[in-house]
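Heads up: the sequence lines are chains A and B, in that order.
Mapping to our numbering: the first sequence position 103 is 105, numbers consecutive.
Mapping to our numbering: the second sequence position 20 is 27, numbers consecutive.
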Amino acid sequence: DGGITQSPKYLFRKEGQNVTLSCEQNLNHDAMYWYRQDPGQGLRLIYYSQIVNDFQKGDIAEGYSVSREKKESFPLTVTSAQKNPTAFYLCASKSLAQAYEQYFGPGTRLTVT
Amino acid sequence: GQSLEQPSEVTAVEGAIVQINCTYQTSGFYGLSWYQQHDGGAPTFLSYNGLDGLEETGRFSSFLSRSDSYGYLLLQELQMKDSASYFCAVPSGNTPLVFGKGTRLSVIA
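Pasting the structure below:
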C-alpha cells in the first residue's frame, strides 16, 4: 500500500536535546511538507521541499532544520533553539500535478520536558 | 498573502444537516479544498472545488463561489463519527496548501 509513514508516534525528550522526526513516502510525490499543530492553531507550515536537495522555509522555520537527500525521505530536526517544541508534527506530500490534495502521515506527538 | 476564516466550533444533532463556512483572501486562486481530522489523527482529503458550484460526494457536499470568495462544506445525515475538525485549504499552484484554523464539529445525540 502506498502512503506516508512517520515514526515514532510518540516521542519524549529532555529540554536542550535535538531530536529528529522521520517521514517516508512511497507515493512517488515530488513535494513534501512539515506542519506543526497546536490546539486551536490549525496547521502551520515549518518547511517544504519540491525537489531533492532543495527546501524552503515555511511560516515557522526558526528552531527547525530539514534535509531532502532522497525523494522518499524528508526528516525534520527539532533543535534546542526551538523555544516551545512540544506539539503534534505532521508530514505531508503531494503530486505537483494535483496541487489541491495533500496526503498526510499519522503524525508524531513530541513532548519536551 | 493568503488567509482563510472559518468558525472555530459548531455543534449539531445526529441525523441533522450542518454547514461549515469558509471565506478566503488570496493572491491567486486555484480552488478550495476541505480536509477532515479526527482527534489525534491525520487530516484526510474530503473534497475540492476548482469551479463555482456544488460538488457532492455521498453525505458530504462542498460549494464554492469565487465572486464571493466563499465556500462551505455541507454534511448531511450527521453521524457521531462525523465529530472531527474540518479545515478549508487553498492550493496555490505548486506551493503548499494554506489551511484555515479549522472548525471543530461536535455531533450530539
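Note that CB positions come from ideal geometry on N, CA and C, so glycine has one too.
These numbers come from a predicted model, not from an experiment.
Original post:
With a Cβ-Cβ cutoff of 8 Å, do residue 34 of chain A and residue 97 of chain A count as a contact?
Top reply: Looking up residue 34 of chain A in the first sequence gives position 32. Looking up residue 97 of chain A in the first sequence gives position 95. Taking 8 Å as the Cβ cut-off, residue 34 of chain A and residue 97 of chain A do not qualify as a contacting pair.
Original post:
Checking contacts by CB at 8 Å: is residue 91 of chain A closer than that to chain B?
Top reply: By one-based count along the first sequence, residue 91 of chain A stands at place 89. No, its Cβ sits nowhere closer than 8 Å to a Cβ of chain B.
Original post:
Between the C-alpha atoms of residue 32 of chain A and residue 14 of chain A, what's the straight-line distance to the nearest angstrom?
Top reply: Taking the first sequence and counting its residues from 1, one reaches residue 32 of chain A at position 30. Taking the first sequence and counting its residues from 1, one reaches residue 14 of chain A at position 12. Cα to Cα, residue 32 of chain A sits roughly 30 Å from residue 14 of chain A.
Original post:
residue 27 of chain A CB to nearest chain B CB: under 8 Å?
Top reply: Start at 1 with the first residue of the first sequence, and residue 27 of chain A comes out as number 25. Cβ-Cβ to chain B under 8 Å: no for residue 27 of chain A.
Original post:
Rounded to a whole number of angstroms, what is the C-alpha to C-alpha distance between residue 69 of chain A and residue 58 of chain A?
Top reply: Walking along the first sequence from the start, residue 69 of chain A turns up at place 67. Walking along the first sequence from the start, residue 58 of chain A turns up at place 56. Put simply, the backbone Cα of residue 69 of chain A is about 10 Å away from that of residue 58 of chain A.
**OP:** Kindly indicate the opening and closing residues of the beta strand (DSSP E) around residue 58 of chain A.
**Re:** Reading the first sequence from its first residue, position 56 is the one you call residue 58 of chain A. Segment 56 to 59, the beta strand (DSSP E) holding residue 58 of chain A.
**OP:** Tell me whether residue 96 of chain A sits in a helix, a strand or coil according to DSSP, three-state version.
**Re:** Within the first sequence, residue 96 of chain A is the residue found at index 94, counting from 1. It is a strand residue.
Subject >> Interface residues of the stretch 75 to 105 of chain A facing chain B [CB-CB below 7 Å] >> reply: Cβ contacts with chain B: 92, 98, 101, 102, 103, 104.
Original post:
Taking residue 115 of chain A as the reference, which of A:64, A:4, A:84 has the closest Cα?
Top reply: One-based indexing of the first sequence puts residue 115 of chain A at position 113. Cα-wise, what sits closest to residue 115 of chain A is A:84.
Original post:
Would you say residue 14 of chain B faces chain A, with C-beta separation under 8 Å as the test?
Top reply: Start at 1 with the first residue of the second sequence, and residue 14 of chain B comes out as number 7. So, not an interface residue.
Original post:
Regarding residue 80 of chain A and the ligand COA, is the C-beta to nearest heavy atom distance less than 7 Å?
Top reply: For the structure depicted, the ligand COA is absent and the ligand set is empty, with no information on it obtainable.
**OP:** Report, in whole angstroms, the separation of the C-beta atoms of residue 21 of chain B and residue 85 of chain B, which I expect to be a contact under 8 Å.
**Re:** Translated into the one-based positions of the second sequence, residue 21 of chain B becomes position 14. Translated into the one-based positions of the second sequence, residue 85 of chain B becomes position 78. Cβ-Cβ separation between residue 21 of chain B and residue 85 of chain B: approximately 6 Å, consistent with a contact (criterion under 8 Å).
**OP:** Please work out which residues of its chain come closer than 7 Å, Cβ to Cβ, to residue 25 of chain B, disregarding the five sequence neighbours upstream and downstream, and give them in chain order.
**Re:** Within the second sequence, the letter at position 18 stands for residue 25 of chain B. Counting only Cβ-Cβ distances below 7 Å, and skipping sequence neighbours, we find 17, 19, 82, 85, 112.
Subject >> residue 53 of chain A versus A:92, A:26, A:72, residue with shortest Cα-Cα distance >> reply: Residue numbering aside, residue 53 of chain A sits at position 51 when the first sequence is read from its first letter. Just measuring C-alpha positions, the residue of A:92, A:26, A:72 sitting nearest residue 53 of chain A is A:72.
Original post:
In chain B, which residues lie with their C-beta within 9 Å of the C-beta of residue 60 of chain A?
Top reply: Start at 1 with the first residue of the first sequence, and residue 60 of chain A comes out as number 58. In chain order: 103.
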